[in-house]
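In what follows, a structure is listed as structure tokens, so that the remarks can point back to it.
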Ligand code: HEC
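Residue numbers (the working numbering): 650 to 1125.
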């Protein structure tokens, strides 16, 4: 649907939220894509297992992976960005005394692929992505073997591995915006450790449109900064609650005079209508540069609403996070970032879908022509799909997106362990060339087994979404 239609659907969410009309029969989708197959062989260096043996013994030394020889280099590459002192994660994985007793948890979390956190399948069975926090089957096997061997230390004098240098931000003009200094996160709900707070920042685009070609996030207090989503908002666009985004944001901000910003969960705040999510960030990554020659248009006067997700499980205290925006006056090809949610749209077309209370695997499928995501795309001769932003709320479990080109179907993105806390955009390692008339089919699956009431589409914490944002540029 076009930006205007998405905005209209959000308007109607507000209008309909109190009065969910009769449910429509939810079309149900099919199962998961084919299994990725068997894992490869265990890649461990032989002979490094130097567990202490008593003097004079001639028994062969145990072989297998050790912490210093095999495991720490893997941790430095894939875990240290979060699991180090002052980071967002709960323990320092580079300290043997800390990591060894946790080897069963490490083996379990990596084999379940809940760690490192990355909710999209990057095995190659359904595309692959840049900046993928994804370890190989061999690396998972190595951690399992290390755990099975009793987490041997190996030689502590082995030189410590150096974590990879993060990607640098490319561009001539970097505009730095910062969340309000001194904001101290407080849990949104008693007993929980999460705070979702929105702040508005100004990228300083005055008279003529400019383009966002890359960004980098520098958290002020990394121990509490879990993720960040930057919504592009036209302050002068009108909203359902009367007035404009600007007056709506001012009203939200005024609800808590003692602190800057406002509470927000599903998007940029109740009644604020975003046009896209050009910025998505989680810890541990470096800068993100859009594919060379492309950038996302920022019209004069537009602002970014930054949804900060703070988590207080490990740290606390105030934060002021820098967002460094790489801006350009022109780009070869404008990249369009457009949002679409036909599940949300059922709220206003008289076919409201509900997720029945107690249902553990409720699925719903919708599809739409790629050109209908945004009016600009519909006019292109060919489309390059650069990336995807899947989005559901807390009941979401899986999302499968299929690309339908004539009678051919292929997997576009497969999220098989949705976690609201680790949402992000996924950019293709190899962009996909399509036509505006090709379709994307989206299947969402939710688990409402713990809910004793039906769940409706909407933007609130207790509502659900089945949104797919796309990043696309015209074929060169
Ligand atoms: C992007 C940041 C990030 C990266 C990278 C990361 N972790 Fe974590 N890890 C966390 C956070 C945050 C938690 C706390 C629980 C949560 O929020 O999911 C956690 C929790 C854990 C836990 C506790 C059990 C669990 O599953 O919650 C284990 C074990 C773990 N991580 C292992 C690893 C290993 C091994 C790697 C690298 C192969 C890794 N993590 C990479 C952020 C990260």
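All residues carry an ideal CB built from backbone N, CA and C; glycine is no exception.
At which residues does the alpha helix (DSSP H) containing residue 894 begin and terminate?
Taking the chain shown and counting its residues from 1, the one referred to as residue 894 is at position 245. Counting along the chain, residue 894 sits inside the alpha helix (DSSP H) bounded by residues 894-903.
Please classify residue 1050 as buried or exposed, where buried requires at least 16 other C-beta atoms within 10 Å of its C-beta.
In the chain shown, residue 1050 corresponds to position 401, counting from 1. It is buried - the Cβ of residue 1050 has at least 16 other Cβ atoms within 10 Å.
By alpha-carbon positions, which one of 842, 945, 916 ends up nearest to residue 863?
The residue you call residue 863 lines up with position 214 of the chain shown. Nearest of 842, 945, 916 to residue 863, Cα basis: 945.
Looking at residue 1036 and residue 914, is the spacing between their C-beta atoms short of 9 Å?
Reading the chain shown from its first residue, position 265 is the one you call residue 914. Reading the chain shown from its first residue, position 387 is the one you call residue 1036. No, they are not a contact pair.
Which residue or residues does DSSP assign as beta-bridge partners of residue 876?
Within the chain shown, numbered from 1, the residue matching residue 876 stands at position 227. Paired residues: 958.
Put residue 760 into one of helix, strand or coil per three-state DSSP.
Position 111 of the chain shown, counted from the first residue, corresponds to residue 760. In the structure shown, the three-state DSSP call for residue 760 is helix.
If you drop the 5 nearest sequence neighbours on each side, which residues of the same chain put their C-beta closer than 6 Å to that of residue 789?
Within the chain shown, the letter at position 140 stands for residue 789. Once the five neighbours on either side are set aside, the close Cβ partners of residue 789 are 759, 760.
Only counting the same chain, and skipping five residues up and downstream in sequence, which positions put a Cβ closer than 8 Å to that of residue 665?
Within the chain shown, numbered from 1, the residue matching residue 665 stands at position 16. Because residue 665 sits at a pLDDT of 37, beneath the cut-off of 50, its placement in the model cannot be relied upon, and the following sentence gives the value as read from the coordinates. Closer than 8 Å at Cβ, skipping near neighbours: 996, 997, 1001.
Alpha carbon of residue 1115 to alpha carbon of residue 712, nearest angstrom
What you label residue 1115 is simply residue 466 of the chain shown in a count that begins at 1. What you label residue 712 is simply residue 63 of the chain shown in a count that begins at 1. Rounded to whole angstroms, the separation of the alpha carbons of residue 712 and residue 1115 is 49 Å.
Where do the N-terminal and C-terminal ends of the beta strand (DSSP E) with residue 850 fall, by residue?
Walking along the chain shown from the start, residue 850 turns up at place 201. Taken as a continuous stretch (DSSP letters only), the beta strand (DSSP E) holding residue 850 covers 843-850.
Buried/exposed call for residue 707, threshold 16 Cβ in 10 Å:
Position 58 of the chain shown holds residue 707. Bear in mind that a pLDDT of 43 at residue 707, under 50, signals an unreliable position, so the model cannot answer this.
With DSSP run on the structure shown, which of helix, strand or coil describes residue 634?
With the chain represented from 650 up to 1125, any question about residue 634 goes unanswered, as that position is not in the structure.
For the candidate residues 931, 950, 837, 875, whose alpha-carbon lies nearest to that of residue 857?
Counting from 1 along the chain shown, the entry for residue 857 is found at position 208. The residue among 931, 950, 837, 875 with its C-alpha nearest the C-alpha of residue 857 is 950.
Hey, residue 955 and residue 879 are a contact pair by Cβ (cut 8 Å); roughly how many whole angstroms apart?
As a working note, residue 955 is residue 306 in the chain shown. As a working note, residue 879 is residue 230 in the chain shown. Yes, they are in contact, since the Cβ atoms of residue 955 and residue 879 sit about 5 Å apart, within 8 Å.
Alpha carbon to alpha carbon, how far is residue 1013 from residue 851? Give it in angstroms, no decimals.
Within the chain shown, the letter at position 202 stands for residue 851. Within the chain shown, the letter at position 364 stands for residue 1013. Computed Cα separation, rounded: 38 Å.
Between the stretch 834-847 and the stretch 975-993, are three or more C-beta pairs nearer than 8 Å?
Touching, no.
Boundaries of the beta strand (DSSP E) in which residue 1105 is found, first to last residue:
One-based indexing of the chain shown puts residue 1105 at position 456. Careful: residue 1105 lies outside any beta strand (DSSP E) and carries neither H nor E.
Between residue 726 and the rest of its own chain, which residues show a CB-CB distance below 8 Å, the 5 nearest in sequence each way excluded?
The sequence position of residue 726 within the chain shown is 77, counting from 1. Around residue 726: 810, 812, 813.
In chain order, what residues of the same chain have a beta carbon less than 6 Å from the beta carbon of residue 928, not counting five sequence neighbours either side?
Along the chain shown, one-based indexing puts residue 928 at 279. The residues are 864, 879.
Could you give the residue range of the beta strand (DSSP E) that holds residue 971?
In the chain shown, the residue the question calls residue 971 occupies position 322. Per DSSP, residue 971 belongs to the beta strand (DSSP E) from 971-977.
Using only the heavy atoms of the ligand HEC, determine whether one of them is closer than 8 Å to the beta carbon of residue 749.
Position 100 of the chain shown holds residue 749. Taking 8 Å as the cut-off, the C-beta of residue 749 does not count as close to any heavy atom of the ligand HEC.
Rounded to a whole number of angstroms, what is the C-alpha to C-alpha distance between residue 871 and residue 733?
Numbered from 1 along the chain shown, position 222 holds the residue referred to as residue 871. Numbered from 1 along the chain shown, position 84 holds the residue referred to as residue 733. Approximately 10 Å, taken between the alpha carbons.
Best match in 1073, 916, 866, 937 for proximity to residue 846 [C-alpha to C-alpha]
If you number the chain shown from 1, residue 846 lands on position 197. For residue 846, the nearest C-alpha among the options comes from 916.
Which of the three DSSP states, helix, strand or coil, is assigned to residue 1026?
As a working mapping, residue 1026 is identified with position 377 in the chain shown. Residue state, collapsed to three classes: helix.
Going by the C-beta, is residue 727 closer than 8 Å to any heavy atom of the ligand HEC?
Numbered from 1 along the chain shown, position 78 holds the residue referred to as residue 727. Because some heavy atom of the ligand HEC lies under 8 Å away, the Cβ of residue 727 counts as near it: yes.
Taking 8 Å as the line, does the beta carbon of residue 960 fall inside it for any heavy atom of the ligand HEC?
Sequence index remark: in the chain shown, residue 960 carries index 311 (1-based). Result yes, Cβ under 8 Å from the ligand HEC.
Under the criterion of a Cβ to heavy atom distance below 8 Å, does residue 742 qualify as lining the ligand HEC?
The sequence position of residue 742 within the chain shown is 93, counting from 1. The answer is yes for residue 742.
Across the stretch 826-834 and the stretch 749-757, are there enough close Cβ pairs to call them in contact, namely three or more that are closer than 8 Å?
Under the Cβ criterion (8 Å, minimum of three pairs), the stretch 826-834 does not count as touching the stretch 749-757.
Less than 8 Å between the CB of residue 722 and some heavy atom of the ligand HEC, yes or no?
Position 73 of the chain shown, counting from 1, holds the residue named residue 722. No.
Give the secondary structure of residue 789 by DSSP, where H, G and I count as helix, E and B as strand, and everything else as coil.
The residue given as residue 789 occupies position 140 in the chain shown. It is helical.
Which of the three DSSP states is assigned to residue 717 in this structure?
What you label residue 717 is simply residue 68 of the chain shown in a count that begins at 1. Three-state result, residue 717: helix.
Host alpha helix (DSSP H) of residue 994 (start-end)
Counted from its first residue, the chain shown places residue 994 at position 345. DSSP places residue 994 in the uninterrupted alpha helix (DSSP H) bounded by 991-994.
Can you give me the C-alpha to C-alpha distance between residue 1053 and residue 786, rounded to a whole angstrom?
Within the chain shown, residue 1053 is the residue found at index 404, counting from 1. Within the chain shown, residue 786 is the residue found at index 137, counting from 1. Computed Cα separation, rounded: 30 Å.
I want to check one thing, is the minimum distance from the CB of residue 771 to the heavy atoms of the ligand HEC below 8 Å?
The residue labelled residue 771 in the question sits at position 122 within the chain shown. For the ligand HEC, no non-hydrogen atom lies closer than 8 Å to the CB of residue 771.
Decide if residue 1123 is buried, meaning its Cβ has at least 16 other Cβ atoms within 10 Å, or exposed.
The residue labelled residue 1123 in the question sits at position 474 within the chain shown. With 16 or more other Cβ atoms within 10 Å, it is buried.
At the level of alpha carbons, what is the spacing between residue 695 and residue 1062?
Start at 1 with the first residue of the chain shown, and residue 695 comes out as number 46. Start at 1 with the first residue of the chain shown, and residue 1062 comes out as number 413. Per-residue confidence for residue 695 stands at a pLDDT of 38, beneath the threshold of 50, marking its modelled position as unreliable; no derived number is given.
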